[in-house]
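Chemist: Those protein sequence lines, which keep their order, are chains V and C.
Those letters in the first sequence? Residues 1 to 350, per the working numbering, in order.
Those letters in the second sequence? Residues 1001 to 1177, per the working numbering, in order.
Here a beta-carbon is modelled for each residue, glycine too, at the ideal position from N, C-alpha and C.
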Amino acid sequence: MNLFDLSQASADVRAASPAQVQLDEQGRLRHFLDIEGLPRSVLTEILDTADHFRGIGDAEVKKVPLLRGRTVANLFFENSTRTRATFELAAKRLSADVLNLDIKTSSAAKGESLMDTLVNLEAMQADAFVVRHGDSGAAHFIASQITPHVAIINAGDGRHAHPTQAMLDMLTIRRHKGEFAHLRVAIVGDILHSRVARSQIQALNTLGAAEVRVVAPQTLLPIGVETLGCQVFTELAAGLKDVDVVIMLRLQKERMDGALLPSESEYYRRYGLTRESLAHAHPDAVVMHPGPINRGVEIESAVADGPRSLILDQVTNGIAVRMAVLSMAVSGQMKARAERRGERSRGAGA
Amino acid sequence: MHEEHETLPEVEALLEAMTEELELLFERRELDRERLIPVGIHTGGVWVAQALRKRLGLEEPLATLDIGFWRDDFGHKGLPDGGQGSQLPDIENRDLLLVDDVLMSGRTVRAALNELFDYGRPRRVLLACLVELPGRELPVQPDALGANLALAPGKRIKLEGPDNLRLTLVDTGEVTA
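#1: In whole angstroms, what is the alpha-carbon distance linking residue 54 of chain V and residue 1041 of chain C?
#2: In chain V, what lies closer than 8 Å to residue 1098 of chain C by C-beta?
#3: Hey, would you say residue 245 of chain V sits closer than 8 Å to residue 288 of chain V, going by beta carbons?
#4: Looking at the secondary structure, which residues open and close the alpha helix (DSSP H) in which residue 170 of chain V lies?
#5: Thinking residue 1229 of chain C and residue 1062 of chain C are a contact (beta carbons under 8 Å), I'd like their distance in whole angstroms, please.
#6: If you follow the beta strand (DSSP E) that residue 1146 of chain C is in, where does it begin and where does it stop?
#7: Between residue 1042 of chain C and chain V, is the shortest Cβ-Cβ distance under 8 Å, so that the two count as touching?
#8: In its own chain, which residues sit with a C-beta less than 7 Å from the C-beta of residue 1067 of chain C, not counting the 5 before and 5 after it?
#9: Residue range of the alpha helix (DSSP H) that residue 278 of chain V falls in?
#10: Which whole-angstrom value is the C-beta distance of residue 216 of chain V and residue 191 of chain V, which I expect to be below 8 Å?
#11: Buried or exposed for residue 314 of chain V, going by 16 or more other Cβ atoms inside 10 Å?
#12: Using only alpha-carbon positions, find the residue among V/68, V/36, V/66, V/91 that is nearest to residue 74 of chain V.
#13: Could you confirm whether any beta carbon from chain V is found closer than 8 Å to the beta carbon of residue 1026 of chain C?
#14: For residue 1025 of chain C, which residues from the same chain have a beta carbon less than 8 Å from its beta carbon, with the 5 sequence-adjacent residues on both sides left out?
#15: Roughly how far, in whole angstroms, is the beta-carbon of residue 21 of chain V from the beta-carbon of residue 144 of chain V, given that I think they are within contact range, below 8 Å?
#16: Could you name each continuous alpha helix (DSSP H) segment of 4 residues or more that falls completely within the segment 111–159 of chain V, going from the start of the chain to the end?
#17: Name the DSSP beta bridge partners of residue 1038 of chain C, please?
#18: Within this structure, are the beta carbons of residue 193 of chain V and residue 125 of chain V separated by less than 8 Å?
#19: Under three-state DSSP, which class holds residue 253 of chain V?
#20: Using the Cβ count rule (16 or more neighbours within 10 Å means buried), how would you classify residue 335 of chain V?
#21: Evaluate the contact criterion for the segment 264–279 of chain V versus the segment 129–139 of chain V: three or more CB pairs, one atom per stretch, below 8 Å.
#22: Go ahead and pull the three-state DSSP assignment for residue 211 of chain V.
#23: By alpha-carbon positions, which one of C/1051, C/1043, C/1137, C/1017 ends up nearest to residue 1104 of chain C?
#24: Within its chain, find whatever has a CB closer than 8 Å to the CB of residue 5 of chain V; leave out the 5 residues flanking it on each side and keep chain order.
#25: Compare the Cα-Cα distances from residue 147 of chain V to each of V/30, V/320, V/298, V/198 and report the closest residue.
#26: Can you tell me whether residue 183 of chain V is buried or exposed? The criterion is at least 16 other CB atoms within 10 Å of its CB, across all chains shown.
#27: Compare the C-beta of residue 1163 of chain C against all C-beta atoms of chain V and say whether one is closer than 8 Å.
#28: Inspect the beta-carbon positions of residue 88 of chain V and residue 1118 of chain C and report whether they are closer than 8 Å.
#29: Does DSSP put residue 206 of chain V in a helix, a strand or coil?
#30: What residues in its chain sit with their C-beta under 6 Å from that of residue 211 of chain V, if we drop five residues either side in the sequence?
#31: With 9 Å as the C-beta to C-beta threshold (strictly closer), list the residues of the segment 1112–1138 of chain C near chain V in chain order.
#32: What's the gap between the Cα of residue 1047 of chain C and the Cα of residue 1009 of chain C?
#33: Whose CA, out of V/80, V/113, V/104, lies closest to the CA of residue 165 of chain V?
#34: Determine, using beta carbons only, whether residue 1065 of chain C and residue 1018 of chain C come nearer to each other than 8 Å.
#35: Determine, using beta carbons only, whether residue 339 of chain V comes closer than 8 Å to chain C.
#36: Report, in whole angstroms, the separation of the C-beta atoms of residue 1074 of chain C and residue 95 of chain V, which I expect to be a contact under 8 Å.
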């Protein structure tokens, strides 16, 4: 049974765009649900803040006191060890208390509805929910339903979005390549099932990348993908020609069913990133992968572990980006609450 | 009792006074100036620390501290705008000269000390400030000071730089009773 169904959400919820929900009237981040609709200034602020948080990793005590006394609840309706670990570490490095809730195997299994679970968590006075859900739009729905002072961070919803992964990729690119204006970036692999690819394309376009390409077999390309603002290639060599950044996506082996692909070996032969295929890219091109890697399926080990690979750097940047997003969203919520209090007291005094 | 200043002092004269005070302090405490690390607090403190480093002939490169993530007013003000980041060497068991431009409540220095101790355990920390204003909220006192100033209500002081350092008055817009 689906824990959550957007079709049951109210018309108001569906009408409000993620951009409307995630920014307050002053344009400050209240939630982080999707890259779509966020202005370049907010994305740049996330990257700049994350850059400063990276320095915390050099300190003896890898913590800052920003969220001391605040509570961050990780609500994972879908498994993801890596994303959950980096969100947990990010919240702890901000000195927050962290609740890890594997909702799929707890409350819901006992018959509790999603809204009942959320209302209970609210009553525990959490300041932020990090939400991972198998259905598209789940984080948006929760942000629209929950009390206004809880920040909702999307940690991946259905095929829809994975905005913190996209932003950690942007931070990795910016740290190695500088500004985006002259960059050609190729995203290679299972675009159809990838929430990351969609968020990456939006982030790259918002940040002003010169060219964004997607490279995949026809069966792994969503219909109308070019409307997201990218060039479409079905041949790897052509798609990689002269690019500055290659982002490989994980081939989701469970999607091999349904004849989307003939076989892993055939896929590797045509779309695997090897030393030979990487030669089509710019000589200084860097290689990224959100992990976990299928070695010998989408990428050759010699490339994944090679000097041009930024895969481990992405993991380090993931913590800094999640620290930035959590602190910005909680800060936005606190400011809004302080302003509401101010308005109320002014109203009472008048 | 602080005297209210109509005209602000020249920064050069304040740096001169601080240098003399620090020279005496180094002698009295037998500090090895070749091993002393100057640490400026962003932004004005970095400019003052740079000037003092030159005047005192300190050999260690200038370290910089951005206390934005260690401030105690996150609940009211949220994240600081435009952080600069900290650049610190290994400070374990070292003597530090912590420098800021304006000392008032003491909260910036408290945040700076918290941050420094997250990077290591220094042996000694000296504090030098260009100007002290009334309004102390924490027990923080400088070892070397350029001047004590008092300002008219609703006024604050600002250091302009990085070249030709000078103090200017700014209006906070705060309504005072």
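Modeler: Looking at the atomic coordinates:
#1: Indexing the first sequence from 1 puts residue 54 of chain V at position 54. Indexing the second sequence from 1 puts residue 1041 of chain C at position 41. Roughly 19 Å between the two C-alpha positions.
#2: Residue numbering aside, residue 1098 of chain C sits at position 98 when the second sequence is read from its first letter. Proximity of chain V to residue 1098 of chain C at the Cβ level (cut-off 8 Å) is not reached, the minimal Cβ distance being about 17 Å.
#3: Start at 1 with the first residue of the first sequence, and residue 245 of chain V comes out as number 245. Start at 1 with the first residue of the first sequence, and residue 288 of chain V comes out as number 288. Closer than 8 Å, so yes.
#4: Mapped onto the first sequence, residue 170 of chain V falls at position 170. That run of the alpha helix (DSSP H) goes 163–177.
#5: No statement about residue 1229 of chain C is possible, as the shown extent of chain C runs from 1001 to 1177 and does not include it.
#6: Sequence index remark: in the second sequence, residue 1146 of chain C carries index 146 (1-based). Here the beta strand (DSSP E) through residue 1146 of chain C covers 1144–1148.
#7: Sequence index remark: in the second sequence, residue 1042 of chain C carries index 42 (1-based). Taking Cβ atoms only, chain V never reaches closer than 8 Å to residue 1042 of chain C, which makes this a no.
#8: If you number the second sequence from 1, residue 1067 of chain C lands on position 67. Correct list, in chain order: 1041, 1108, 1111, 1112, 1115.
#9: Taking the first sequence and counting its residues from 1, one reaches residue 278 of chain V at position 278. Run containing residue 278 of chain V: 275–278, per the alpha helix (DSSP H) assignment.
#10: Translated into the one-based positions of the first sequence, residue 216 of chain V becomes position 216. Translated into the one-based positions of the first sequence, residue 191 of chain V becomes position 191. Correct: roughly 5 Å between the Cβ atoms.
#11: Locating residue 314 of chain V in the first sequence gives position 314, where the first residue counts as 1. Residue 314 of chain V should be labelled buried.
#12: Translated into the one-based positions of the first sequence, residue 74 of chain V becomes position 74. With distances taken between Cα atoms, residue 74 of chain V lies closest to V/91.
#13: Position 26 of the second sequence, counted from the first residue, corresponds to residue 1026 of chain C. Chain V, which has no Cβ nearer than 8 Å to the Cβ of residue 1026 of chain C, makes this no.
#14: In the second sequence, residue 1025 of chain C corresponds to position 25, counting from 1. In chain order, 1031, 1126, 1143, 1144 place their CB closer than 8 Å to the CB of residue 1025 of chain C, counting only its own chain and leaving out the 5 sequence neighbours on each side.
#15: As a first step, residue 21 of chain V is located in the first sequence; it is residue number 21 there, counting from the start. As a first step, residue 144 of chain V is located in the first sequence; it is residue number 144 there, counting from the start. Rounded, the Cβ-Cβ distance is 6 Å, consistent with contact.
#16: 114–123, 138–145
#17: As a first step, residue 1038 of chain C must be located in the second sequence, where it is residue number 38. BP columns for residue 1038 of chain C point to C/1097.
#18: Along the first sequence, one-based indexing puts residue 193 of chain V at 193. Along the first sequence, one-based indexing puts residue 125 of chain V at 125. Not a contact, by the Cβ cut-off of 8 Å.
#19: In the first sequence, residue 253 of chain V corresponds to position 253, counting from 1. In this structure, residue 253 of chain V counts as helix in the three-state DSSP scheme.
#20: Residue numbering aside, residue 335 of chain V sits at position 335 when the first sequence is read from its first letter. Under this definition residue 335 of chain V is a buried residue.
#21: no
#22: Working through the first sequence from its first residue, we reach residue 211 of chain V at position 211. In this structure, residue 211 of chain V counts as strand in the three-state DSSP scheme.
#23: For the purposes of this step, residue 1104 of chain C is taken as residue 104 along the second sequence, with counting starting at 1. Looking at the Cα atoms, C/1137 is the closest of the given residues.
#24: As a working mapping, residue 5 of chain V is identified with position 5 in the first sequence. Low local confidence applies: a pLDDT of 41 at residue 5 of chain V is under 50, so the model's placement there is unreliable, with the coordinate-based value given in what follows. Result list for residue 5 of chain V: 135, in chain order.
#25: Here residue 147 of chain V refers to the residue found at position 147 of the first sequence. Nearest option by C-alpha distance: V/30.
#26: Sequence index remark: in the first sequence, residue 183 of chain V carries index 183 (1-based). Answer is buried; the Cβ neighbour count reaches 16.
#27: Here residue 1163 of chain C refers to the residue found at position 163 when the second sequence is read from its first residue. It does not: the Cβ of residue 1163 of chain C has no partner Cβ on chain V nearer than 8 Å.
#28: Counting from one through the first sequence, the residue named residue 88 of chain V turns up at place 88. Counting from one through the second sequence, the residue named residue 1118 of chain C turns up at place 118. No, they are not a contact pair.
#29: On the first sequence, residue 206 of chain V is found 206 positions in, with the first residue counted as 1. Residue 206 of chain V falls in the helix class under three-state DSSP.
#30: As a working mapping, residue 211 of chain V is identified with position 211 in the first sequence. Closer than 6 Å at Cβ, skipping near neighbours: 184.
#31: 1114, 1115, 1117, 1118, 1119, 1120, 1121
#32: Locating residue 1047 of chain C in the second sequence gives position 47, counting from the first residue. Locating residue 1009 of chain C in the second sequence gives position 9, counting from the first residue. Each residue's Cα considered, the two are about 17 Å apart.
#33: In the first sequence, the residue the question calls residue 165 of chain V occupies position 165. Measuring from the Cα of residue 165 of chain V, the nearest candidate turns out to be V/80.
#34: For the purposes of this step, residue 1065 of chain C is identified with residue 65 of the second sequence, where counting begins at 1. For the purposes of this step, residue 1018 of chain C is identified with residue 18 of the second sequence, where counting begins at 1. Going by C-beta atoms, residue 1065 of chain C is not nearer than 8 Å to residue 1018 of chain C.
#35: In the first sequence, the residue the question calls residue 339 of chain V occupies position 339. Cβ-Cβ to chain C under 8 Å: no for residue 339 of chain V.
#36: Mapped onto the second sequence, residue 1074 of chain C falls at position 74. Mapped onto the first sequence, residue 95 of chain V falls at position 95. Their Cβ separation, rounded to whole angstroms, is 10 Å, which puts residue 1074 of chain C and residue 95 of chain V out of contact at 8 Å.
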